[in-house]
Amino acid sequence: MCAAVGASPQLSSVARGQATATATAESQTSAKKKRAGLQPVAAVKALLETLDETQQAKAKLEFGSEQRVGWHFIPKDTRKGVPMKEMNATQKEAAMRVLRSAVSKIGFEKSKQIMSLESVLKKLEGDQGRNERNPEKYYFTVFGKPGLKQKWGLSIEGHHLSLNFVFRGNKVLDSTPQFFATNPATLAEDYGEGFPKGLQVLKAEEQLGFKLVRSLSEDQLEEAMLPGDTPDEIRAAGVAQPPTDAPRGISFADLDEEQQETLTKLMKAYTAKMKPLVNKGRWKLIEEAGMEKIKFAWSGAKRPGRGHYYVVQGPTFVIEFINVQADAAGNPANHVHCVWRDMQGDFDLPIK
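Residues in the sequence shown are numbered consecutively from 462, following the working numbering.
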């Protein structure tokens, strides 16, 4: 009589170990592929491969093209690049992966919200609107050939969003102008899923500014307040290089510890939209140049509902924030524009 043959406990243990090792290796490989997919070169190449010839002709321009340094945030009938509204579902997914590869998680979410706000504008304006409001009217342009060694550029732009990058391989050489805006800045009512009453996409950028200016003493306010009327718009909008005026306002060194912390948080609300390495690089330059050289200036009202503007400027950067326009429903000062620019030169070009 033959004894029943069973699996050896030792062999079963070995088999289980091998299976676990295989699963771990596959998981690690999958994770590496996922990370690679979020690298700009891979993400852009994947998008370009999905495009037909007509779309590629729009999406691909020479690195030396004059259009590389052309940017703006106003609504336009058309722009450089290929718009999402001309893409199929697969292409749109690839385009969103390009956006995700270029900015941080925070920057990605805010970019998507700004795009989606076009549908709110469409509801508010109805047939009276002068411009087409379309959450898919955002254009993707690649300048040069994305590769691991050469320089190349990327633009993602539409109404109220302008993101501009220069890469060498996957390394960001420049990430400005960086422009985000919202209309309405704060939703006065519920507009459906994703748009609850009170939604404020650029909340930190505004509220931290208010917090800082309200904390200033009378003597500090004398230094911080700009003379004359509140501006109508940020300076050098659509211009290839930032304004070169000397910094204005109260210096970082003349703020108390709590005020310095508030100003630092305000600056981080802008840098946090970029990838960690870009964020870290910006702060390295800021600190090397000297925090004490940063100035903060304010114009206009110190509470919501009336026009206000601020500028934060140091040797390596300038931030501008403005909220003076009514929103599409007529609510006063509920339309935000804000920008981060490189005082060493936008578009990886030396400042003139």
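C-beta atoms are modelled at their ideal positions from N, C-alpha and C, and glycine is treated no differently. Model, not experiment: these values are computed from the prediction.
For residue i, the three-state DSSP class (helix, strand or coil)
i      : result
TRP801 : strand
ASP513 : coil
ILE747 : helix
PRO536 : coil
SER526 : coil
SER678 : coil
ASP635 : strand
ASN740 : helix
GLY818 : Outside the shown range of the chain (462 to 813) lies residue 818, about which nothing can therefore be said.
ALA617 : Checking the displayed sequence, the identity of residue 617 turns out to be Ile instead of Ala. The answer is strand: DSSP assigns ILE617 an E or B state.
SER760 : strand
TYR731 : helix
LYS658 : coil
GLN611 : coil
GLN552 : helix
LEU663 : coil
THR691 : coil
VAL773 : strand
SER712 : strand
VAL505 : helix
LYS521 : strand
LEU624 : strand
LYS564 : Note on residue identity: the sequence assigns Val, not Lys, to residue 564. Strand at VAL564.
Buried versus exposed call for residue i [16 or more other C-beta atoms within 10 Å across all chains shown]
i      : result
ILE812 : exposed
GLY699 : exposed
GLN720 : buried
LEU724 : buried
GLN589 : exposed
ALA707 : exposed
LYS598 : buried
LEU716 : buried
GLU694 : exposed
ILE780 : buried
ALA714 : exposed
THR602 : buried
ILE747 : buried
ASP809 : buried
ALA556 : buried
Nearest-angstrom Cα separation, counted from residue j out to residue i
i      : j      : result
GLU586 : ALA789 : 7 Å
GLU618 : HIS533 : 8 Å
LYS654 : GLU749 : Note on residue identity: the sequence assigns Glu, not Lys, to residue 654. If you take the alpha carbons of GLU654 and GLU749, they lie about 45 Å apart.
PRO793 : LEU582 : 16 Å
GLN516 : VAL543 : 6 Å
LYS612 : TYR652 : 43 Å
MET576 : MET548 : 16 Å
VAL797 : LYS521 : 31 Å
ALA758 : LEU687 : 6 Å
VAL785 : LEU663 : 15 Å
VAL564 : PHE656 : 23 Å
GLY525 : PHE782 : 31 Å
ALA504 : LYS537 : 27 Å
GLU527 : HIS620 : 20 Å
SER676 : LEU682 : 9 Å
LYS745 : ALA787 : 38 Å
GLU718 : ASN625 : 34 Å
LEU499 : GLN552 : 16 Å
LYS632 : GLN702 : 22 Å
Proximity test, Cβ basis, 7 Å: residue i and chain C
i      : result
ASP717 : The structure shown contains no chain C; it holds only a single protein chain.
Nearest to residue i (by Cα), restricted to the options the options
i      : options                        : result
LYS672 : PRO765, GLY806, LYS519         : PRO765
PHE604 : ASN549, GLY791, ARG629         : ARG629
LEU634 : LEU648, LEU615, ASP651         : LEU615
VAL623 : VAL502, LEU669, LYS734         : At residue 623 the sequence reads Ser, which differs from the Val that was named. Checking every option, the nearest Cα to that of SER623 belongs to LYS734.
PHE569 : TYR731, LYS741, GLY806, GLY751 : TYR731
LYS763 : ASP693, GLN805, LYS726, GLN668 : GLN668
THR643 : MET557, GLN500, CYS799         : CYS799
HIS769 : ASP690, ILE567, LEU738, PHE601 : ASP690
ASP807 : ALA787, LYS541, ARG529         : ARG529
LEU660 : LEU609, ALA697, LEU560, PRO645 : PRO645
VAL773 : VAL505, PHE641, GLY710         : GLY710
LYS566 : LYS736, HIS621, GLU718         : LYS736
CYS607 : LEU727, LYS573, ALA507         : According to the sequence as given, residue 607 is Pro; it is not Cys. Nearest option by C-alpha distance: ALA507.
ALA665 : MET545, GLU579, ARG561, PHE641 : PHE641
- Query: Counting only runs that start and end within the stretch 572-607, where is the alpha helix (DSSP H) found for 4 or more residues in a row?
  - Reply: none
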